Amino acid sequence: MVELPVAALVLALAFFALLDGWYLVRVPCAVLRARLLQPRVRDLLAEQRYGSRVLPSDLDLLLHMNNARYLREADVARAAHLARCGVLEALGQLGARGVLAASCARYRRSLRLFEPFEVEPPELPEDLQHWIAYNEASSQLLRAESGLRDPTKDQ
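Right, dumping it as structure tokens:
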């Protein structure tokens with residue numbers, strides 16, 4: 002009788018310690034919140050904000066939010082954004098997956114335990130044009146370095 006609660010506790014500890022369980026819990030919760038509690042957004046490029054709080058698992062040894070957690074929260078916000086726009090559902094119907102090719106973060110200040118914060122997208126269209134130009138230049142450089150040629154891009 003005691004073995005069942007102990008086994009459940011050991012499994013829960015392994016889940017949160019080895020698999021970063023909070024991330025695996027936060028993303029589905031963010032998607033459900035976006036689908037059920039927030040209005041649907043038709044414009045994919047419309048500015049959307051995602052609010053959350055700093056949890057104990059987000060802290061580093063200096064007791065502020067770890068830099069890697071900022072990007073993780075951006076990933077959670079991206080999943081919520083895709084759910085609100087209907088892109089996540091469309092990807093699921095196609096059997097496709099969304100892949101993040103690159104990211105850029107600006108760390109503005111330190112966040113402390115239980116402090117609320119918002120993830121907001123960069124301003125458009127300037128950042129969008131810069132992003133497109135940067136990715137095109139990166140793709141050309143990678144093709145040149147690898148020796149691969151894309152006839153449609155080289156013209």
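Following the working numbering, the numbering of the sequence shown begins with 2 at its first residue and continues without gaps.
Using N, Cα and C, we set each Cβ at its ideal position, and we do this for glycine too.
Since the structure is predicted, the reported quantities are computational estimates derived from the model, not experimental observations.
Let me check understanding here. Comparing Cα to Cα, which of the options lies closest to residue i?
i           : options          : result
residue 1   : 55, 138, 34, 73  : The question about residue 1 has no answer, for the chain in this structure spans 2 to 156.
residue 86  : 22, 109, 47, 137 : 47
residue 115 : 29, 65, 45       : 65
residue 34  : 67, 82, 18       : 82
residue 45  : 135, 88, 138     : 88
residue 59  : 24, 51, 80       : 24
residue 68  : 53, 92, 109      : 109
residue 79  : 95, 100, 61      : 100
Can the beta-carbon of residue i be found closer than 7 angstroms to that of residue j?
i          : j          : result
residue 71 : residue 31 : no
residue 27 : residue 84 : no
What span of residues does the alpha helix (DSSP H) with residue i cover, start to end?
i           : result
residue 113 : Per DSSP, residue 113 belongs to no alpha helix (DSSP H) and is neither H nor E.
residue 26  : 22 to 37
residue 42  : Where residue 42 is concerned, there is no enclosing alpha helix (DSSP H), given that its DSSP letter is neither H nor E.
How close, in whole Å, do the beta carbons of residue i and residue j come, if the pair is a contact with beta carbons under 8 angstroms?
i          : j           : result
residue 75 : residue 11  : About 32 angstroms separates the two Cβ atoms, so there is no contact after all.
residue 55 : residue 112 : 5 angstroms
Quick one: grab the DSSP three-state call for residue i.
i           : result
residue 58  : helix
residue 52  : strand
residue 121 : coil
residue 64  : coil
residue 18  : helix
By the DSSP assignment, the beta strand (DSSP E) with residue i in it spans what residues?
i          : result
residue 3  : No beta strand (DSSP E) holds residue 3; DSSP gives it neither H nor E.
residue 74 : Segment 68 to 86 is the alpha helix (DSSP H) holding residue 74; no beta strand (DSSP E) there.
Give a yes or no on whether 7 angstroms exceeds the smallest Cβ distance from residue i to chain C.
i          : result
residue 94 : In the structure shown, chain C does not exist; there is a single protein chain.
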